[in-house]
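S.K.: Provided herewith is a single structure, encoded as structure tokens, for subsequent inquiry.
Number of protein chains: 2
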Amino acid sequence: MPGVGPKTAQRLALHILKRPETEVQALAQALIEAKKQIGLCKECFHLSAEPICEICRNPSRDNKTICVVADSRDVIALEKTREYKGKYHVLGGVISPIDGIGPEQITVQPLIQRVSQQKPQEVILAISPSVEGETTTLYIGQLLKPFTKVTRIAFGLPVGGDLEYADEVTLARALEGRRELD
Amino acid sequence: MPGVGPKTAQRLALHILKRPETEVQALAQALIEAKKQIGLCKECFHLSAEPICEICRNPSRDNKTICVVADSRDVIALEKTREYKGKYHVLGGVISPIDGIGPEQITVQPLIQRVSQQKPQEVILAISPSVEGETTTLYIGQLLKPFTKVTRIAFGLPVGGDLEYADEVTLARALEGRRELD
Chain A
102 MPGVGPKTAQ
112 RLALHILKRP
122 ETEVQALAQA
132 LIEAKKQIGL
142 CKECFHLSAE
152 PICEICRNPS
162 RDNKTICVVA
172 DSRDVIALEK
182 TREYKGKYHV
192 LGGVISPIDG
202 IGPEQITVQP
212 LIQRVSQQKP
222 QEVILAISPS
232 VEGETTTLYI
242 GQLLKPFTKV
252 TRIAFGLPVG
262 GDLEYADEVT
272 LARALEGRRE
282 LD
Chain B
102 MPGVGPKTAQ
112 RLALHILKRP
122 ETEVQALAQA
132 LIEAKKQIGL
142 CKECFHLSAE
152 PICEICRNPS
162 RDNKTICVVA
172 DSRDVIALEK
182 TREYKGKYHV
192 LGGVISPIDG
202 IGPEQITVQP
212 LIQRVSQQKP
222 QEVILAISPS
232 VEGETTTLYI
242 GQLLKPFTKV
252 TRIAFGLPVG
262 GDLEYADEVT
272 LARALEGRRE
282 LD
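Respectively, the protein sequence lines represent chains A and B. For the first sequence, this note's numbering gives the first residue as 102, with consecutive numbering after it. For the second sequence, this note's numbering gives the first residue as 102, with consecutive numbering after it.
Shown next as structure tokens:
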């Protein structure tokens, strides 16, 4: 399990052995239920207890933009900003030939189908800027351009960050991505 | 001195006491010389041993853009990217009323004079996005707009950063600053 090393594992195991049996049974039951009930939204592939997730079902969310992310945790991160009111599409990974992940292993095909059918006004690619993330962004961008406007999130100085502490690549991107002051 | 606490100070002092006298005299002399020789460039206010700094004197640097930064260390950081070929202007601080720093305490006036005389095609404001930095950017932007195109560097996800670990304000800025994929 991520973030659980041998010491933490032992601590957790001993903690569970100390708890009353009913409590341990409740935990085990909760794990089974969670695994049974939580699946992927049929529309956007975000984690969901229902066939269609809460975001896709929400009528106040704008159908005109689809924000494409690699993972469900990115949806959670973007939702925390409370800035985005459109829909999402979760790829379930990024293209990484070394790990044997091609476009067929992630939800690229359903995305193209969705975009060609729903004709959103804009698709925002919000994929982290690793080598694999860039490949995925460019690949999907090329496929979606015939259907709609494709944008990507901005790269540059993090807010609260200091110019002096930014790495050179980030600074170069911040310069390159400069915008006219309104 | 920045980054030197009581322990480091003691270690440095004891180290100096152990060195031969000639060496200590050479260090002392070097400090005096540095202080005597390094001043501010008359053109851009970057640190310089000459009246006009190396960047301002370099004929291969483009006169059409001036990049405005808070501090000389920001010039050094931007130079490391090897992406920027224009000139600089060092403000020598940011506007911070709490610390008693108004526009008169930094080199805003010389900047406006320089821009109105040299008529660059673009002024890039590359000031860190703190509250004071934002104030300074907006203030200078308003003053320079009558003379030239004013841009600011991009804010968003740092390169190599992960969406999941970005703070909400940075993510919101990255979304807001999204650009069309070329």
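A virtual CB, placed ideally from N, CA and C, is assigned to each residue, including glycine.
(1) Could you check which residue in B:L115, B:F256 and B:Y266 has the C-alpha nearest to that of L264 of chain A?
(2) Starting from L226 of chain B, trace the beta strand (DSSP E) both ways and give me its first and last residue.
(3) Tell me C290 of chain B's beta-bridge partners as DSSP assigns them.
(4) For Y266 of chain B, which three-state DSSP category applies?
(5) In the region 255-274 of chain A, which residues sit with their C-beta less than 9 Å from some C-beta in chain B, listed in chain order?
(6) Please classify E233 of chain A as buried or exposed, where buried requires at least 16 other C-beta atoms within 10 Å of its C-beta.
(7) Run down chain B in chain order and give the residues with a C-beta less than 9 Å from the C-beta of L148 of chain A.
(8) Who are the near neighbours of I117 of chain B in its chain, counting only those whose CB is closer than 8 Å to its CB and skipping five residues on each side?
(9) Would you kindly work out how many angstroms separate the C-alpha atoms of F146 of chain A and T252 of chain A, rounded to a whole number?
(10) Can you pull the chain B neighbours of D175 of chain A, defined as C-beta to C-beta under 7 Å?
(11) In the DSSP assignment, the beta strand (DSSP E) including R162 of chain A goes from what residue to what residue?
(12) Using a Cβ-Cβ cut-off of 7 Å, state whether Y185 of chain A counts as contacting chain C.
(13) Can you find a CB in chain A that lies within less than 7 Å of the CB of T123 of chain B?
(14) Taking the straight line between their C-alpha atoms, what separation do you get for Y189 of chain B and R183 of chain A?
(15) Please tell me whether L148 of chain B and A171 of chain B are closer than 7 Å, where the distance is taken between their beta carbons.
(16) Which value, in whole angstroms, describes the spacing of the CA atoms of E235 of chain B and I225 of chain A?
(17) Might you give, ordered along the chain, the residues of its own chain that have their beta carbon closer than 8 Å to the beta carbon of V216 of chain B, omitting 5 neighbours on each side?
(18) Can you find a CB in chain A that lies within less than 7 Å of the CB of S217 of chain B?
(19) If we call anything under 7 Å between Cβ atoms a contact, is P230 of chain B one with V260 of chain A?
(20) Within a Cβ cutoff of 8 Å, which residues of the same chain sit near L258 of chain A, ignoring the five residues on either side of it in sequence?
(21) Are there 16 or more other CB atoms within 10 angstroms of the CB of G201 of chain A, so buried, or fewer, so exposed?
(22) Among B:T123, B:I254 and B:I241, which has the Cα closest to the Cα of G278 of chain A?
(23) Less than 7 Å between the C-beta atoms of L282 of chain B and G242 of chain A, yes or no?
(24) Residues in the same chain with beta-carbon distance under 7 Å from S173 of chain A, minus the five sequence neighbours each way, listed in chain order, please.
(25) Hey, how far is the Cα of A295 of chain A from the Cα of T123 of chain A?
(26) For A196 of chain A, which of A:Y185, A:Q210 and A:P160 has the nearest alpha-carbon?
(27) Which runs of the alpha helix (DSSP H), 4 residues or longer, sit entirely within the region 148-202 of chain A?
(28) So what does DSSP say about R253 of chain A, is it helix, strand or coil?
(29) Let me see if you follow: with CB-CB separation under 7 Å, is E180 of chain B close to chain A or not?
(30) Can you find a C-beta in chain B that's less than 7 Å from the C-beta of E281 of chain A?
(31) Throw me the rounded Cβ distance for the Q206 of chain B and G194 of chain B pair, which I believe falls under 8 Å.
(32) Report the option in A:Q222, A:V169, A:Q214 and A:P107 whose CA atom is closest to the CA atom of L239 of chain A.
(33) Could you confirm whether any beta carbon from chain A is found closer than 7 Å to the beta carbon of T252 of chain B?
(34) Pop quiz: D175 of chain A and A227 of chain A are said to be a contact at Cβ under 8 Å. What is the actual Cβ separation, rounded to whole angstroms?
(35) List, in order along the chain, the chain B residues whose C-beta lies closer than 9 Å to that of I225 of chain A?
(36) For the alpha helix (DSSP H) that contains V105 of chain A, what are its first and last residues?
M.R.: Put simply:
(1) B:F256
(2) E223 to L226
(3) Limits of chain B in this structure are 102 at one end and 283 at the other, which puts residue 290 of chain B out of reach.
(4) helix
(5) A255, F256, G257, L258, P259, V260, G261, G262, D263, L264, E265, Y266, A267, D268, E269, V270, T271, L272, A273 and R274
(6) buried
(7) Residues of chain B passing the Cβ test: none, with the nearest at roughly 14 Å.
(8) V125 and L128
(9) 21 Å
(10) L264 and E265
(11) That residue, R162 of chain A, is in no beta strand (DSSP E); it is neither H nor E in DSSP.
(12) In the structure shown, chain C cannot be found, because the protein chains are A and B.
(13) no
(14) 37 Å
(15) no
(16) 27 Å
(17) I167, V224, L245, F248 and T249
(18) no
(19) yes
(20) L264, A267, T271, L272 and A275
(21) exposed
(22) B:I254
(23) yes
(24) H147, L148 and V191
(25) As shown, chain A starts at 102 and ends at 283. That puts residue 295 of chain A outside it, with no answer to give.
(26) Note on identity: in this sequence residue 196 of chain A is Ile, with Ala being the wrong assignment. Ranking the options by Cα distance to I196 of chain A, first place goes to A:Q210.
(27) 155-158 and 173-182
(28) strand
(29) no
(30) yes
(31) 7 Å
(32) A:V169
(33) yes
(34) 7 Å
(35) L276 and R279
(36) Premise fails: V105 of chain A is in no alpha helix (DSSP H) and is neither H nor E.
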